[in-house]
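Written below as structure tokens is the structure these notes are about.
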């Protein structure tokens, strides 16, 4: 800590804050969908997992930078965000743009380690990344666009591992992730309802109002059902479904115990989703680790 507080490193603090390195939950939530996809097609590649983990940190930082460039005027009006580097004046817009270029360059280097199909899929992700901050100005459903963005790793992980997109499996897995994101980011947005209403920012939390828990139940149902469909299409065993059952229990706990008007509770529930992603990943890994002869005895074959 003493080293980190020396003058040279103190100059880095606004940049690390812009990337939210002190708040790693976003990197976890970006990483898990790609990890699921990589593990869905064993053998699991540790080098690819490490590459995607690094990419999650870098691209989450780039996404935060884009978001803050779009939102710096709004952030200055919101209590939770007014101390971010741009609205607080710790960085200029020009410095943030240059830093964004550096982050995207590192992301490109990581992407170029993959096959060309994955390079094309990864490049396409920049569109929803750039559009998400704009969506909260024009629709009450920006969480859907965030879901498209944060779960792009499902597509990218699959192509990185196989070179193709097996759509009957990939699409339900992608939908499971999107619905999960809509659940946890709606919970996250509950923190800012008062400020968002004042500055004109839209969210699903505002749209759902007093019915928010019913909608969260719907997102949970779609997510779990989609995980099941993806597993059936891939012929996964009961070991996988044990992980999905664990995820269902976790979602149920989040919704049942959620206190929508308690900011601290909403943040705590949001952060707990890093463990939900890990539960799903553990189920997929367990399925891959069990010998085929044993796992096959307790597997559901595709019927769709």
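Residue numbers (my numbering): -13 to 290.
Even for Gly, the Cβ is constructed at its ideal location relative to N, Cα and C.
For residue 211, which of helix, strand or coil comes out of DSSP?
Your numbering for residue 211 matches position 225 in the chain shown. In the structure shown, residue 211 sits in a helix (DSSP, three-state: H, G or I).
Tell whether a beta-carbon distance below 7 angstroms holds between residue 222 and residue 171.
Numbered from its first residue, the chain shown carries residue 222 at position 236. Numbered from its first residue, the chain shown carries residue 171 at position 185. No Cβ-Cβ contact shorter than 7 angstroms links residue 222 with residue 171.
Any beta strand (DSSP E) of 3 or more consecutive residues that is wholly inside the stretch -4 to 74:
Fully enclosed beta strand (DSSP E) runs of 3 or longer: not present.
When the Cα atoms are used, what is the spatial distance from residue 193 to residue 246?
Along the chain shown, read from residue 1 onward, the residue named residue 193 stands at position 207. Along the chain shown, read from residue 1 onward, the residue named residue 246 stands at position 260. About 14 angstroms.
Kindly indicate which three-state DSSP category residue 170 falls into: helix, strand or coil?
Locating residue 170 in the chain shown gives position 184, where the first residue counts as 1. Residue 170: helix per DSSP, three-state reduction.
Among 129, 54, 88, which has the Cα closest to the Cα of residue 75?
As a first step, residue 75 must be located in the chain shown, where it is residue number 89. Of 129, 54, 88, the residue nearest in Cα terms is 54.
Consult DSSP for residue 127 and reduce its assignment to one of helix, strand or coil.
One-based indexing of the chain shown puts residue 127 at position 141. If DSSP states are grouped into helix, strand and coil, residue 127 belongs with coil.
Quick check: the Cα distance between residue 23 and residue 237, rounded to an integer number of angstroms?
As a first step, residue 23 is located in the chain shown; it is residue number 37 there, counting from the start. As a first step, residue 237 is located in the chain shown; it is residue number 251 there, counting from the start. Rounded to the nearest angstrom, the two C-alpha atoms are 21 angstroms apart.
Proximity of residue 25 and residue 244 at Cβ, strictly below 7 angstroms:
In the chain shown, counting from the first residue as 1, residue 25 sits at position 39. In the chain shown, counting from the first residue as 1, residue 244 sits at position 258. Not closer than 7 angstroms, so no.
Can you tell me the Cβ-Cβ gap for residue 64 and residue 251, rounded? I've got them flagged as a contact below 8 angstroms.
By one-based count along the chain shown, residue 64 stands at place 78. By one-based count along the chain shown, residue 251 stands at place 265. Wrong, their Cβ atoms sit about 19 angstroms apart, outside the cutoff.
Continuous alpha helix (DSSP H) stretch holding residue 101: start and end
Your numbering for residue 101 matches position 115 in the chain shown. Careful: residue 101 lies outside any alpha helix (DSSP H) and carries neither H nor E.
Using beta-carbon positions only, say whether residue 162 and residue 225 come within less than 7 angstroms of one another.
Position 176 of the chain shown, counted from the first residue, corresponds to residue 162. Position 239 of the chain shown, counted from the first residue, corresponds to residue 225. At least 7 angstroms separates the beta-carbon of residue 162 from that of residue 225.
Whose CA, out of 209, 215, 173, lies closest to the CA of residue 199?
Locating residue 199 in the chain shown gives position 213, where the first residue counts as 1. For residue 199, the nearest C-alpha among the options comes from 173.
What did DSSP end up calling residue 145 once you bin it into helix, strand or coil?
Position 159 of the chain shown, counted from the first residue, corresponds to residue 145. Looking at residue 145 - three-state DSSP - the assignment turns out to be helix.
To the nearest whole angstrom, what separates the beta carbons of residue 152 and residue 189, a pair I think is in contact under 8 angstroms?
Here residue 152 is taken as the residue at index 166 of the chain shown, counted from 1. Here residue 189 is taken as the residue at index 203 of the chain shown, counted from 1. The C-beta distance from residue 152 to residue 189 rounds to 34 angstroms, too long to fall under 8 angstroms, and the pair is not in contact.
Hey, out of 57, 81, 142, whose CA is closest to residue 122's CA?
Here residue 122 refers to the residue found at position 136 of the chain shown. For the residues 57, 81, 142, the minimum Cα distance to residue 122 belongs to 57.
Nearest residue (CA-CA) to residue 34, options 112, 15, 62, 144:
The residue labelled residue 34 in the question sits at position 48 within the chain shown. Selected option, being the one with the closest Cα: 144.
Nearest to residue 230 (by Cα), restricted to the options 117, 186, 211
Position 244 of the chain shown, counted from the first residue, corresponds to residue 230. For residue 230, the nearest C-alpha among the options comes from 211.
Looking at C-beta atoms only, is the number of pairs between the stretch 199 to 209 and the stretch 89 to 96 that lie closer than 8 angstroms three or more?
By the C-beta criterion, the stretch 199 to 209 is judged not to be in contact with the stretch 89 to 96, since fewer than 3 inter-stretch pairs fall below 8 angstroms.
Would you mind stating whether residue 79 and residue 149 have Cβ atoms separated by less than 7 angstroms?
Numbered from 1 along the chain shown, position 93 holds the residue referred to as residue 79. Numbered from 1 along the chain shown, position 163 holds the residue referred to as residue 149. In this structure, residue 79 keeps its C-beta atom at 7 angstroms or more from the C-beta atom of residue 149.
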